[in-house]
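Enquirer: Handing you a structure now.
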Amino acid sequence: MTFKVTGKQQEVIDFIERKISSANLSPGDKLDTEAGIAKHLGITRVTVREATRYLVEQGMVYRVKGSGLYVGSGQAAPNGNFHVLSPFDEQAQKAGQSGVRRVISSAIIEVPNVQIAHALRIKPNEKVYYIERLMSFGNMPVSFEQTHIPVAVCDGFEFNQIEHSKYGYMEQMTGKKVQTREQDISAFNLRDAELAELLNVDEGQAMIELREVVSFDDGTPFEYTIATINSDLFNIHQVTQR
1 MTFKVTGKQQ EVIDFIERKI SSANLSPGDK LDTEAGIAKH LGITRVTVRE ATRYLVEQGM
61 VYRVKGSGLY VGSGQAAPNG NFHVLSPFDE QAQKAGQSGV RRVISSAIIE VPNVQIAHAL
121 RIKPNEKVYY IERLMSFGNM PVSFEQTHIP VAVCDGFEFN QIEHSKYGYM EQMTGKKVQT
181 REQDISAFNL RDAELAELLN VDEGQAMIEL REVVSFDDGT PFEYTIATIN SDLFNIHQVT
241 QR
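Following UniProt numbering, the numbering of the sequence shown begins with 1 at its first residue and continues without gaps.
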């Protein structure tokens with residue numbers, strides 16, 4: 001996507017880049033809110049939103065719905081591709097490991113509930129590809145993902161392909177670009193014995209649940225994922241300054 005930066009937007013971009021550099025922030029670290037940046041620079045929030053949209057495209061930042069801006073991979077995705085923006089591989093590298101994605105279960109099922117159907121803009125009785133993935137740093141389990149993709153989005157879906165690049169594969173299959181990701185994050189205590197064993201943690205351990213909706217550049221949502229994350233290994237780190 002082509003993006004022409006105005007003078008005020010460049011001021012925002014320079015401010016965020018300086019903040020990342022001066023505070024030595026890493027991928028996954030939290031930045032200030034768009035409202036906070038607008039107030040600090042004395043410019044409109046609309047200008048800040050447009051500037052951060054450019055930074056999202058460049059891989060410098062990513063947004064978490066209801067939480068704000070986070071430092072991205074620092075790499076611009078080739079041809080605007082979205083899939084390099086996940087901090088998973090960056091955090092694996094910090095741990096001295098490689099990021100491993102393993103499909104452990106897959107099926108075509110009826111969409112499980114109205115909430116997921118509504119988020120994906122499909123009818124409650126429509127079919128979805130359902131994929132369970134275990135995400136690991138080397139041999140160390142980090143998170144368990146349950147992904148739902150409407151069957152209507154693409155034909156001939158090969159489940160094993162998303163052991164590599166999920167978003168790259170979706171772009172290849174559909175010819176569309178993956179553009180936006182909205183996330184809701186909450187903390188909870190894990191009470192599922194089987195899941196605790198899979199993630200190699202104790203029952204009752206504090207975990208993070210991340211619910212994510214991902215959309216193409218035409219605004220069509222194509223994925224709803226629920227991830228259970230071991231926050232001791234995969235940090236959603238926040239840095240705030242006054």
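Ideal placement from N, C-alpha and C gives every residue a C-beta, glycine not left out.
Given a threshold of 16 other Cβ atoms within 10 Å of its Cβ, counted over all protein chains shown, does His-118 qualify as buried or as exposed?
Expert: Walking along the sequence shown from the start, residue 118 turns up at place 118. Exposed, because fewer than 16 other Cβ atoms sit within 10 Å of the Cβ of His-118.
Enquirer: By how many angstroms is the C-alpha of Thr-47 removed from the C-alpha of Asp-140?
Expert: One-based indexing of the sequence shown puts residue 140 at position 140. One-based indexing of the sequence shown puts residue 47 at position 47. For the record, residue 140 in the displayed sequence is Met; it is not Asp. Cα to Cα, the separation comes out at about 42 Å.
Enquirer: When we look at the beta-carbon of Gln-9 and count the other beta-carbons within 10 Å, is it buried (16 or more) or exposed?
Expert: What you label residue 9 is simply residue 9 of the sequence shown in a count that begins at 1. Gln-9 is buried by the Cβ-count criterion.
Enquirer: Using a Cβ-Cβ cut-off of 7 Å (strictly less than) and excluding sequence neighbours within five positions of Ile-131, which residues of its own chain qualify?
Expert: As a first step, residue 131 is located in the sequence shown; it is residue number 131 there, counting from the start. Correct list, in chain order: Val-103, Ser-106, Thr-147, Phe-159, Ile-162.
Enquirer: Rounded to the nearest angstrom, how far is the Cβ of Ala-193 from that of Ile-208, given a contact under 8 Å?
Expert: Along the sequence shown, one-based indexing puts residue 193 at 193. Along the sequence shown, one-based indexing puts residue 208 at 208. Not quite, the Cβ-Cβ distance comes to about 19 Å (not below 8 Å), so this is no contact.
Enquirer: Pick out the complete beta strand (DSSP E) segments inside the stretch 88-116, 3 residues or longer, and give them in chain order.
Expert: With a minimum length of 3 residues, the continuous beta strand (DSSP E) runs that stay inside the stretch 88-116 are 99-110.
Enquirer: In the DSSP assignment, find the beta strand (DSSP E) that holds Gln-179 and state where it starts and stops.
Expert: Within the sequence shown, residue 179 is the residue found at index 179, counting from 1. Unbroken beta strand (DSSP E) run through Gln-179: 178-189.
Enquirer: Quick check: the Cα distance between Ala-227 and Val-5, rounded to an integer number of angstroms?
Expert: Taking the sequence shown and counting its residues from 1, the one referred to as residue 227 is at position 227. Taking the sequence shown and counting its residues from 1, the one referred to as residue 5 is at position 5. Near 35 Å, if we compare the C-alpha coordinates of Val-5 and Ala-227.
Enquirer: For my contact list, Asp-217 and Lys-176 are in at a C-beta cut-off of 8 Å; report their separation, rounded to the angstrom.
Expert: Stepping through the sequence shown from its first residue, residue 217 is reached at position 217. Stepping through the sequence shown from its first residue, residue 176 is reached at position 176. Their Cβ separation, rounded to whole angstroms, is 6 Å, which keeps Asp-217 and Lys-176 in contact under 8 Å.
Enquirer: With distance defined between alpha-carbon atoms, name the residue in Asn-24, Asp-184, Phe-15, Val-56 nearest to Lys-39.
Expert: To locate residue 39, count along the sequence shown from 1; it is residue 39. The option with the nearest alpha carbon to Lys-39 is Phe-15.
Enquirer: For Tyr-54, which of Val-201, Thr-225, Gln-179 has the nearest alpha-carbon?
Expert: Here residue 54 corresponds to residue number 54 of the sequence shown, with the count starting at 1. For Tyr-54, the nearest C-alpha among the options comes from Gln-179.
Enquirer: Unbroken alpha helix (DSSP H) runs of length 4 or more, entirely within the UniProt domain "HTH gntR-type" (6-74): which are they?
Expert: Counting whole runs of 4 or more residues, the UniProt domain "HTH gntR-type" (6-74) contains the alpha helix (DSSP H) stretches 7-22, 34-41, 45-58.
Enquirer: Can you pull the DSSP bridge partners for Gln-146?
Expert: Here residue 146 refers to the residue found at position 146 of the sequence shown. Answer by DSSP bridge pairing, in chain order: Glu-132, Ile-226.
Enquirer: Between the C-alpha atoms of residue 250 and Arg-63, what's the straight-line distance to the nearest angstrom?
Expert: A query on residue 250 cannot be resolved here, the shown segment of the chain reaching from 1 to 242 and no further.
Enquirer: Kindly indicate which residue of Cys-154, Thr-220, Leu-190, Val-213 has the alpha-carbon position closest to the one of Glu-182.
Expert: As a working mapping, residue 182 is identified with position 182 in the sequence shown. Answer by Cα proximity: Val-213.
Enquirer: Quick check on Phe-137: does DSSP put it in helix, strand or coil?
Expert: Position 137 of the sequence shown, counted from the start, is the residue given in the question as residue 137. Phe-137 falls in the strand class under three-state DSSP.
Enquirer: Give the straight-line distance between the Cα atoms of Asp-232 and Gly-72, rounded to the nearest whole angstrom.
Expert: What you label residue 232 is simply residue 232 of the sequence shown in a count that begins at 1. What you label residue 72 is simply residue 72 of the sequence shown in a count that begins at 1. Approximately 20 Å, taken between the alpha carbons.
Enquirer: Taking the alpha-carbon positions, what's the Tyr-129 to Leu-190 distance?
Expert: For the purposes of this step, residue 129 is taken as residue 129 along the sequence shown, with counting starting at 1. For the purposes of this step, residue 190 is taken as residue 190 along the sequence shown, with counting starting at 1. Approximately 26 Å between the Cα atoms of the pair.
Enquirer: Which residue marks the beginning of the beta strand (DSSP E) containing Ala-152, and which one marks its end?
Expert: For the purposes of this step, residue 152 is identified with residue 152 of the sequence shown, where counting begins at 1. Ala-152 -> no beta strand (DSSP E), and no H or E assigned at all.
Enquirer: I'd like the list of long-range same chain contacts for Glu-126, defined as Cβ closer than 6 Å, with 5 residues on each side in sequence excluded.
Expert: Counting from one through the sequence shown, the residue named residue 126 turns up at place 126. Cβ within range, chain order: Val-111.
Enquirer: Beta carbon of Ile-116, beta carbon of Glu-223: below 8 Å?
Expert: Reading the sequence shown from its first residue, position 116 is the one you call residue 116. Reading the sequence shown from its first residue, position 223 is the one you call residue 223. No. Outside cutoff.
Enquirer: The beta strand (DSSP E) spanning Leu-210 covers which residue range?
Expert: Indexing the sequence shown from 1 puts residue 210 at position 210. 206-216 is the span of the beta strand (DSSP E), which, as asked, contains Leu-210.
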